[in-house]
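Worksheet: the structure to be examined is printed underneath.
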Amino acid sequence: MKRFADLYQELDRSTATSDKRAALVAYFGAAPPRDAAWALYLLAGGKITGARRKVAGSAELRAWAAEASNTAPWLLDASYDQVGDLAETLALLMPDPDAAALAPDRGLADWIEETLLPVANRDEAERRAVVVDAWRGLAFGERLVFNKLLTGALRVGVSQRMVQQALAEMSGIPIARIAQRMLGTWQPSPAFLRDLLSAEELPGDRQQPYPFFLASPLEAEPATLGAPEEWQIEWKWDGIRAQLIRRHAEVALWSRGEERLDGRFPEVEAAAAELDTDCVIDGELLAWQDDAAEPMPFAALQTRIQRLKPGPKWLAEAPVKMLAYDLLERDGADLRELPQHERRAQLEALLARHPDPRLTVSPLVRVPGWEAAAALREESRARGVEGFMLKRASAPYQSGRRRGDWWKWKIDPLTIDAVLLYAQAGHGRRSTLYTDYTFGVWDGETLVPIAKAYSGLDDKEILELDRWLRAHTRERFGPVRSVEPVQVFELGFEGVNLSRRHKSGVAVRFPRILRWRRDKPAAEADQLDALKALAR
Amino acid sequence: MPDLVQLRPEGLYCPAGDFYIDPWRPVATAVLTHGHGDHARVGMGQYHTSAAGLPILQWRLGEQRYHVHEYGEVFQLGAARVSLHPAGHVLGSAQVRVEAGGEVWVVSGDYKRQPDPTCAPFEVVPCDTFITEATFGLPIYRWPDTAQVARDIVQWRDHCAARGEAAILYCYALGKAQRVLAELAPYTDRPVFLHGAIATGVDVYRGAGIALAATELVADDGAAAGARAAGFAGELILAPPSAAGSAWLRRFRRAQHGFASGWMRLRGNRRRRNMDRGFVVSDHADWPDLLRTIRETGASRVIATHGDTDALVRTLNESGVAAETLATHYGEDD
C-alpha cells in the first residue's frame, strides 16, 4: 500500500502533466503485477465497492471514525464541511499510530483481495472491525488512500488517457490499442494486465469498440479554420453518441460512456443485422417519429435509455433511430487512418445498399461560406439541434478529446437572470470554498430554485463571492448555506423542459454562469413564466 | 460585576484600567500582544509591549511612545494590575494578564504550545476567564513534529536540485520565516536565500541573539551572482506569500513552490493556492493544544475571539466549561 500511497501523493502534488506521467511510468514499471492491475483499475475510475459489494457506506464510515477518534458526530460533520473530502477528513481525524503500532506494509492487491472484499456484505460489526483496525495501523498517507478505496473515487487529477499514455510509453504498445482494450468492464488481474500490454492480436480485440473521438468547443470564429471546403459540416444532434458494431454478423451497441446498450434499441440492432457487411459505425441515437421533420426532445430518448427489451408501447411512443456519421471498420479492416471524406464516402455507399429509416447517414450541410453557415446555424433551435459539427475532411479518426480536427460549433445558449439562493462547498481544489450555487427566479412574490451551477466564475470572483456569502448567510443546513437573495447572475443553458419532478415545474439543461450581474437588483431577475414559455 | 475585558468598536477594552488590548482603531492606551499587522497598528497614544517584542514594534510601527515590560513584571494601569507572559507565538509575543476586583482574566493573543527556538515558550497563567484565539479550532488540525517538517523541507530542496529547479518557500515575513530558518539550522549548511521583505525581520531576530540558518539576499548582486547565473537552481528561497505570482519570480528559471502554514494541513488549501508542496508549520495552537491550554488555565469561563470559534465554543460548553464568542477584527493568517 505504501507504494501506491506514494504514487497517490506524487500525483496529487504535481501540477505538470509530464511529472504525473513520469510517476505513473515509474509505478507501473516497479509494482508487482497484482498491485499494478488494481492501481490501473482505480486510476481509470474503477471502484472496489458498490451497490452489490458493500464494505462501508459513508454514514457508517462517519460513525465508525467518530467513535474510533473520540470525535462528536457534529464535530466530525463540521470538520468535513471544512475539508470537503470525506476520505481526507477521516484520515485527519484518526490519530497517527506510533512506530510500534504501525502495521507491516502489505500490497494494494493484498489489502483489497484479502482484507476488504472478503468482508463485503457481511455484518456491520465485521466490516467495521476490519476498517477501524486498518486505520489504527496505517500512517496518514496510506490511511488517506485506504479511505479513498472505500469512498469510491481517487480524484487525483489523472485522466484515463494519461494512464494509457504512461502504459504506452512503458510497453511500446500503441495507445489506441491500449485504450480499446480498456473499454467496457474488466477484472483487475495480472492476466488482464498481461493481455492489455500484449503485442499480439488477441481474440478479444475484435469484440471491442474503438475509443471515441470527441470534439472540442469552437471558441474562435469559424473563419479562422480556413476554407469551408476543407471541412465536413453536419448538424450537431442532441442524442446519445454510440458505436454500432457488427462483426461476424453479431451486433453490439456501445455508448460513449462505455456501456453496452444491447437490447435497449432493438429497432437499430435490427437495421444493423440487415447489412451485408461487417462494420463499425459511429453515430447518434435519437428519438424520432417516422414522418417528423425534426427529432423528439432529449427527454423522449431518456425514457428509453434504461428500458431493456422495450415493449410495443415504448417503441411507438419514442421510436429510436441512429444517424450514422462515421465508418471506423469495414470487413474487419480498421479505417480510422483514412481521411474523413473517404470514410464518409464508404459509409454512404454501405448504407445506400440497405435503405432503412432506422439507420441512415447524418446529412451533410452544404453552404457556400462560413457566413451562410452562421446564418443557417441560427435555425438550430427550431430544427431541434445544438448547432454544427465541423470535421476536417482530411483528418483521421483519432481518440479522446484532441483539439484541431473536430469542433462543435454550438448555438449561443439561452440566458436568464437569476438570484443566488444557496451555496455549498465544492470538491477537490475548491473544497474550502463555496463554489456550488443554487439559483432561483421569481414566481410571483417568491423565489423558486431553478438551477444549480458549478462553473463560469473566475478564481477571483469565486473568492470574492465566497467572502460575501460567508458574511451574508441566513441559515446553515449542514454544508449548505442559504444567503440573502440579492446577488444576480446571468445563467446560460441549452434548453428547458417541463418537469413534474422539479418544484419549479421546469428542468434546465446544462446551466452555467455567464456573468455576475452586479448592476442588477434582485427584483429585476427573471420570472418563472418566462422560463416556462421557453420549454419545449 | 461587569466584565474585566469587553468588546468595544475600537477593540478589546478593560474599563478598570482604561486601556485596550490590540485595538484596531486609534485609542489613548494600547497593550499589545505581538507585532503582526492585525494586532499592532499605528495611531495609538501610547503602547505597552514586552521587552522582547520592542524591536519588532519598532520595525513595524516606527518610533512611538513605548512602555517596555519584562515578562511577568506587574504594572498598574488605573485600578488594574497588568502583566505580560510569553505566548510562544512569535518573538516577543505575550498573553495579557489583567487582575482587578479580585478577578483574573488572561487575553491570549495568538499562541502555540509547540517548541519554537525563536521565542520564549508559552506560560500557563491560571485565570478565571481566558480569552483565547481559535484560528485552528477543529480536530482536523493536529501539528506534526516541526523537526521532521524541517527535514522534509531540506529533502524538497534536494529534490528540486536534482531537477534543476529553485525551491521557493512562502512564509509570513514576521515569525514563520525566522522559525523556519531556526528549525533548518541543524539540517543544512547551505545558505538560504531571502526575499527583501523577509530580510528585515531576519535582522531583527538576529539582533535579538537568535541563531538562524545562514542567509543571503536574492537581490544581493555580489553574494548571489553564482546562484543567479544558475537561475537559483537547487537553492531554497524564502519569500512572503504576496510574492506568489508576482513579477519578482521571473528571475527563477524553473521553480517549485511551497507554503509553510498550518493551513497546509488540508490538501484543498494547497491546491487552491497552486502550491507543489505544503509544509505544516503553524504558529498557532492546534486543536489538542487549544483544549489542553484551556484546561490548564483552570478558567471557568472561556471567550473565543477569532478563527473557527463555533466548534470550540460548542465543544467547551458540552464539556461543562462556559464558553462564548467575541467578534474581533483579528485575522487568520498563519
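Protein sequences, first through last, are from chains A and B.
Quick note on this note's numbering: the first sequence kicks off at 3 and runs consecutively.
Quick note on this note's numbering: the second sequence kicks off at 84 and runs consecutively.
In this text, a Cβ means the ideal position worked out from N, Cα and C, and glycines have one as well.
Near residue i, what residues of its chain come up, given a Cβ to Cβ distance below 8 Å and the 5 sequence neighbours on each side ignored?
i	result
PRO203(B)	Pro is not the amino acid found at residue 203(B); the sequence shown has Ala there. Correct list, in chain order: ALA135, TYR154, PRO169 and GLY171.
GLY341(B)	ILE236, TRP239, ALA250, ILE251, LEU252, TYR253, MET358, ASP359, ARG360, GLY361 and PHE362
THR380(B)	VAL189, VAL207, VAL208, PRO209, CYS210 and PHE213
GLU236(A)	TYR327, SER364, PRO365, LEU366, VAL367, PHE390, MET391 and LYS393
GLN129(B)	ALA111, THR112, ALA113, GLN147, ARG148, TYR149 and HIS150
GLU93(B)	TYR103, PRO106, TRP107, ARG108, PRO109 and VAL110
Would residue i be called buried (16 or more neighbouring beta carbons within 10 Å of its own) or exposed?
i	result
SER20(A)	exposed
PRO34(A)	exposed
SER2(A)	Because chain A is modelled from 3 through 538, residue 2(A) falls outside the range shown and cannot be assessed.
PRO176(A)	exposed
ALA32(A)	exposed
ASN352(B)	buried
ASN149(A)	buried
GLN159(B)	exposed
SER383(B)	exposed
ASP366(B)	buried
GLY442(A)	buried
GLY45(B)	One cannot answer for residue 45(B) here, as it falls past the ends of chain B, which runs 84 to 417.
LYS454(A)	exposed
LEU479(A)	In the sequence as presented, Leu is not what sits at residue 479(A); that position holds Phe. Looking at its Cβ environment, which holds fewer than 16 other Cβ atoms inside 10 Å, PHE479(A) is exposed.
So who's on the other strand from residue i, going by DSSP bridges?
i	result
ARG424(A)	Per the sequence shown, the amino acid found at residue 424(A) is Tyr instead of Arg. Partner(s): THR440(A) and SER484(A).
TYR253(B)	ALA322(B) and PHE342(B)
ASP544(A)	Coverage of chain A is limited to positions 3 through 538, which leaves residue 544(A) absent and any answer about it impossible.
HIS168(B)	GLN178(B)
PHE142(A)	DSSP, once it has assigned bridges, lists no residue as partnering PHE142(A).
LEU392(A)	ILE235(A) and TRP409(A)
TRP188(B)	VAL181(B) and THR212(B)
PRO451(A)	GLY442(A)
MET287(A)	Rather than Met, the amino acid found at residue 287(A) in this sequence is Leu. LEU287(A) pairs with ILE242(A) and MET324(A).
THR475(A)	VAL485(A)
THR112(B)	GLN129(B)
GLY390(B)	ALA217(B)
ASN499(A)	ALA509(A)
LEU255(A)	LEU246(A)
If the cut is a Cβ gap below 7 Å, which residues of chain A does residue i touch?
i	result
ALA394(B)	LEU77 and ALA80
PRO222(B)	THR73, LEU77, SER81 and LEU95
Run through DSSP, which three-state label would residue i get?
i	result
ILE377(B)	helix
GLU260(A)	coil
GLN304(A)	helix
LYS323(A)	strand
HIS278(B)	coil
ARG434(A)	A quick correction: the sequence has Thr, not Arg, at residue 434(A). Coil at THR434(A), not helix or strand.
ASN357(B)	coil
HIS343(A)	helix
ALA335(A)	strand
ARG360(A)	coil
ILE515(A)	strand
ARG336(B)	coil
THR271(B)	coil
TYR154(B)	coil
GLU299(B)	strand
Going along chain B, which residues have a C-beta under 9 Å from residue i?
i	result
THR434(A)	TRP346, LEU349, GLY351, ASN352 and ARG355
GLU144(A)	None at all; the shortest Cβ gap to chain B is about 15 Å.
GLU90(A)	ILE223, LEU349, ARG350 and GLY351
Closer than 6 Å by C-beta to residue i: which residues in its own chain qualify, once you throw out the five before and the five after it? Chain order, please.
i	result
GLU296(A)	ARG385 and GLY386
GLN426(A)	ASP438, PRO481 and VAL482
Could you list which residues in chain B have their beta carbon closer than 8 Å to that of residue i, in chain order?
i	result
LEU85(A)	It is worth fixing the name first, because residue 85(A) is Val in this sequence and not Leu. Those within 8 Å of VAL85(A) in chain B are ILE223, LEU349 and GLY351.
Chain A partners of residue i, CB-CB under 8 Å?
i	result
ASP359(B)	ARG15, SER16 and THR17
Give me the chain A residues within the contact set of residue i, using Cβ-Cβ distance strictly less than 9 Å, ordered along the chain.
i	result
THR398(B)	ALA74 and LEU77
Beta-carbon within less than 7 Å of residue i's beta-carbon, same chain only, minus the 5 sequence neighbours each way: which residues are those?
i	result
LEU263(A)	ALA244, LEU255, TRP256 and SER257
ALA168(A)	ARG23, LEU26, VAL27 and PHE30
ALA302(A)	ALA289 and ALA320
PRO371(B)	ARG225
GLU339(A)	PRO398
ASP286(B)	none
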